[in-house]
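**Student:**
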Amino acid sequence: MSPTSLPHHPHHTALLVIDVQNFFTPMTKQALPQITTLIHHFRAQALPVIFTQHGHPPSDLAGPPYANQLNDMRSSSFIFPN
1 MSPTSLPHHP HHTALLVIDV QNFFTPMTKQ ALPQITTLIH HFRAQALPVI FTQHGHPPSD
61 LAGPPYANQL NDMRSSSFIF PN
């Protein structure tokens, strides 16, 4: 599906990019080109693009599954592409 074929109402539409971070890149590598295309399309149409970022403060990193991997200050927690 191309971005131009997506039905949307500009006053009620935003693109949510959820947890597309360096840490998750190996798991989402195949989707990155489509995500990037959608981001460019929404920005070209002056539509909102909202990014979320998964992370934990250092005091919260004691348990699995992401212990010591998604500290909010590590490069693995940065949003991809930067």
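72 is the number that UniProt numbering gives to position 72 of the sequence shown; each next residue is one higher, with no gaps.
No residue lacks a Cβ here, since even glycine has one placed at the ideal position from N, Cα and C.
For LEU32, count neighbouring Cβ atoms within 10 angstroms of its own Cβ and tell me buried if that reaches 16, exposed if not.
**Tutor:** Exposed: under 16 other Cβ atoms inside 10 Å.
**Student:** ALA14 and LEU47: beta carbons closer than 8 Å?
**Tutor:** Yes.
**Student:** Rounded to the nearest angstrom, what separates PHE42 and PRO10 at their Cα positions?
**Tutor:** Computed Cα separation, rounded: 10 Å.
**Student:** Could you tell me the boundaries of the alpha helix (DSSP H) in which THR37 lies?
**Tutor:** Where THR37 is concerned, the enclosing alpha helix (DSSP H) stretches over 32 to 44.
**Student:** Which term fits GLN21, buried or exposed, when burial requires 16 or more other beta carbons within 10 angstroms of its beta carbon?
**Tutor:** Burial call: buried.
**Student:** What residues match up with THR52 in a beta bridge as DSSP calls it?
**Tutor:** In the DSSP output, where bridge partners are listed per residue, THR52 has ILE18.
**Student:** Can you name, in chain order, every residue of its own chain whose Cβ lies under 6 Å from the Cβ of ILE18, other than the five neighbours on each side?
**Tutor:** Around ILE18: THR52.
**Student:** May I ask you to report which of helix, strand or coil DSSP gives THR13?
**Tutor:** Three-state result, THR13: coil.
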